[in-house]
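Take the sequence shown: its position 109, counted from the start at 1, is 108 in numbering that gives the first Met the number 0, and no numbers get skipped.
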Amino acid sequence: MIDDDSPLDLDFLLREDISDVHFEIPAVPPTLTAWQKLKDADAPAAWDSLREWVEWVTVRYDFSESVVPVCWWRHDELVEELAALHASHIAAFDPSDAGLGPIRWHEQLDVARARLRHAYYGQCSNGHKAHQPREWANAVDDREWDAWASQSHSK
């Protein structure tokens, strides 16, 4: 006989009711793009989504071209910063947010503006100028490295 007032019996019944419920949690939220792992098949959707958002945010928040140039997509560091800001914006307006997401996003926007200025130095004001990325090929003498790495150097 089940005692209707017993909390243990209610717990048992609740567990029975949800025992067949399965929750699927995605490993990576769909709003995040790991650019270094992006597959060609997924690239158009990822780039189009980011472009649409960048065009919106630069108008909405009046970013000058000296901060986000029209060739932003050709500057890797800007892509990473803007993609992170985009993902943060989506998370801030998630329906599950308790209401603080938008204000926190705006606080982060202030931080992001400085980061965006640092990511782009205004070199494309008269058309895109390709940035020469840092190269590691032949940058480190392997013998010198091996000698260094063979010791802990802890003091």
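Beta carbons: idealized from backbone N, C-alpha and C, even for Gly.
Here the structure is a predicted model, which is why all the values come from computation and not from measurement.
Reference residue i, options the options, closest by Cα
i, options, result
"V53", "V67, A44, A136 and P43", "V67"
"V78", "A111, A40, D61 and D140", "A111"
"L108", "F62, L49, S48 and E51", "F62"
"L115", "Q150, L99, E76 and A146", "E76"
"L84", "A97, D145 and S48", "S48"
Expected contact under 8 Å - CB spacing of residue i and residue j to nearest Å
i, j, result
"P101", "A90", "The pair is not a contact, with the Cβ atoms about 11 Å apart (cut-off 8 Å)."
"R156", "H127", "Absent from the model: residue 156. The displayed extent of the chain is 0 to 154, so no value can be given."
"A118", "E64", "So it is not a contact: roughly 14 Å between Cβ atoms."
"A82", "W34", "7 Å"
"L31", "A86", "5 Å"
Neighbourhood of residue i by C-beta distance below 8 Å, restricted to the same chain and skipping five residues each side
i, result
"A129", "R73"
"V27", "In this predicted model, V27 has a pLDDT of only 45, less than 50, meaning its place in the structure is not dependable; the value taken from the coordinates is given anyway. Only A33 meet the Cβ criterion."
"W147", "none"
Neighbourhood of residue i by C-beta, 7 Å cutoff - its chain only, sequence neighbours within 5 removed
i, result
"P25", "Since pLDDT at P25 reaches only 46, below the 50 mark, its modelled position is unreliable, and the value read off the structure follows with that caveat. Counting only Cβ-Cβ distances below 7 Å, and skipping sequence neighbours, we find nothing."
"W104", "S87, H88 and A91"
"G121", "S65"
Cβ-based neighbour list, residue i, same chain, cut-off 6 Å, excluding 5 preceding and 5 following
i, result
"C123", "P68 and C70"
"R142", "none"
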